[in-house]
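Enquirer: For reference, the structure I am asking about is given below.
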Amino acid sequence: MNIHTKLLSAISLATISVLFGIQCLAIYNTETYIRKSLDEFVQGYTNKDIDMTMRIFAPDVIANVQQVDCERTYKDIRAGILKDFSDDEVRYNYSYDIKEILCSNTMAIVRIVWILDIIDAETNKIIKTTKEVGMDIFKPYGDSWQLFRFIAYAKEKE
13 MNIHTKLLSA
23 ISLATISVLF
33 GIQCLAIYNT
43 ETYIRKSLDE
53 FVQGYTNKDI
63 DMTMRIFAPD
73 VIANVQQVDC
83 ERTYKDIRAG
93 ILKDFSDDEV
103 RYNYSYDIKE
113 ILCSNTMAIV
123 RIVWILDIID
133 AETNKIIKTT
143 KEVGMDIFKP
153 YGDSWQLFRF
163 IAYAKEKE
């Protein structure tokens with residue numbers, strides 16, 4: 013192997029390493045941003061802040077939820093959340109358990125379990141806890157990643 017071939021091999025290897033490193037960094041940043049978005053959704057829902065809650069959803073979001081017989085759009089999701097927020101007799105405590113995040117440059121898929129505690133505002137006791145298993149699909153919109161498709165179904169009692 014002559015010096016030019018060795019140099020070309022070294023440059024190729026370095027280029028591949030840099031590109032792989034950039035890809036890993038992009039995936040790490042995507043996961044970090046998605047976790048931040050999920051945390052903001054939880055905080056917004058808990059505080060009944062519609063703007064913070066809706067920030068996660070893309071304008072063209074489509075949702076399929078087991079308890080609802082039709083696809084839900086951004087407008088439908090917003091209306092449902094506003095209805096929840098109008099009930100002053102309850103508070104909400106959302107949390108989630110991420111099972112897996114799969115990322116590419118154009119899409120991220122999150123396998124997730126959403127846990128919702130519905131709390132009596134007067135007694136501060138949990139009235140009901142629901143768990144929904146979901147698949148949340150994010151894609152980039154401008155400088156952010158937003159949820160543009162999701163499916164969810166009630167988790168059977170453990």
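Letter by letter, the sequence shown follows residues 13 to 170 of my numbering. Glycine included, each C-beta is placed from N, C-alpha and C at the ideal position. All values reported here derive from a predicted model rather than from experimental measurement.
Could you tell me the boundaries of the beta strand (DSSP E) in which Ala164 lies?
Expert: In the sequence shown, residue 164 corresponds to position 152, counting from 1. Per DSSP, Ala164 belongs to the beta strand (DSSP E) from 156 to 166.
Enquirer: What does a CB cutoff of less than 8 Å around Ile131 pick up in its chain, not counting 5 residues either side in sequence?
Expert: Counting from 1 along the sequence shown, the entry for residue 131 is found at position 119. For Ile131, where only same-chain residues beyond five positions count, the Cβ hits under 8 Å are Val102, Arg103, Tyr104, Asn105, Lys137, Ile138, Ile139.
Enquirer: Please list the terminal residues of the continuous beta strand (DSSP E) segment that includes Arg90.
Expert: What you label residue 90 is simply residue 78 of the sequence shown in a count that begins at 1. Per DSSP, Arg90 belongs to no beta strand (DSSP E); it is in the alpha helix (DSSP H), 86 to 97.
Enquirer: Does the distance from the C-beta atom of Ile93 to that of Ile62 stay below 8 Å?
Expert: Reading the sequence shown from its first residue, position 81 is the one you call residue 93. Reading the sequence shown from its first residue, position 50 is the one you call residue 62. Yes, the Cβ-Cβ distance between Ile93 and Ile62 is below 8 Å.
Enquirer: Kindly indicate which residue of Asn117, Val73, Asp148, Cys82 has the alpha-carbon position closest to the one of Lys111.
Expert: To locate residue 111, count along the sequence shown from 1; it is residue 99. Nearest option by C-alpha distance: Asp148.
Enquirer: Is Ser107 near Val145, with beta carbons less than 8 Å apart?
Expert: Within the sequence shown, residue 107 is the residue found at index 95, counting from 1. Within the sequence shown, residue 145 is the residue found at index 133, counting from 1. Taking 8 Å as the Cβ cut-off, Ser107 and Val145 do not qualify as a contacting pair.
Enquirer: For Val122 and Lys95, what's the separation of their Cα atoms in angstroms?
Expert: Residue numbering aside, residue 122 sits at position 110 when the sequence shown is read from its first letter. Residue numbering aside, residue 95 sits at position 83 when the sequence shown is read from its first letter. Distance between the alpha carbons of Val122 and Lys95 is about 26 Å.
Enquirer: Whole angstroms are fine: how far does the CA of Asp109 sit from the CA of Ile12?
Expert: Only positions 13 to 170 of the chain appear in the structure, and residue 12 is not among them; the question remains open.
Enquirer: How close, in whole Å, do the beta carbons of Tyr11 and Phe69 come, if the pair is a contact with beta carbons under 8 Å?
Expert: Here the chain has residues from 13 to 170 only, and residue 11 is not among them.
Enquirer: Tell me whether Lys95, by its Cβ, gets closer than 7 Å to a heavy atom of the ligand SAH.
Expert: Inclusion of the ligand SAH in the displayed structure is not the case, the ligand content being empty and no account of it being possible.
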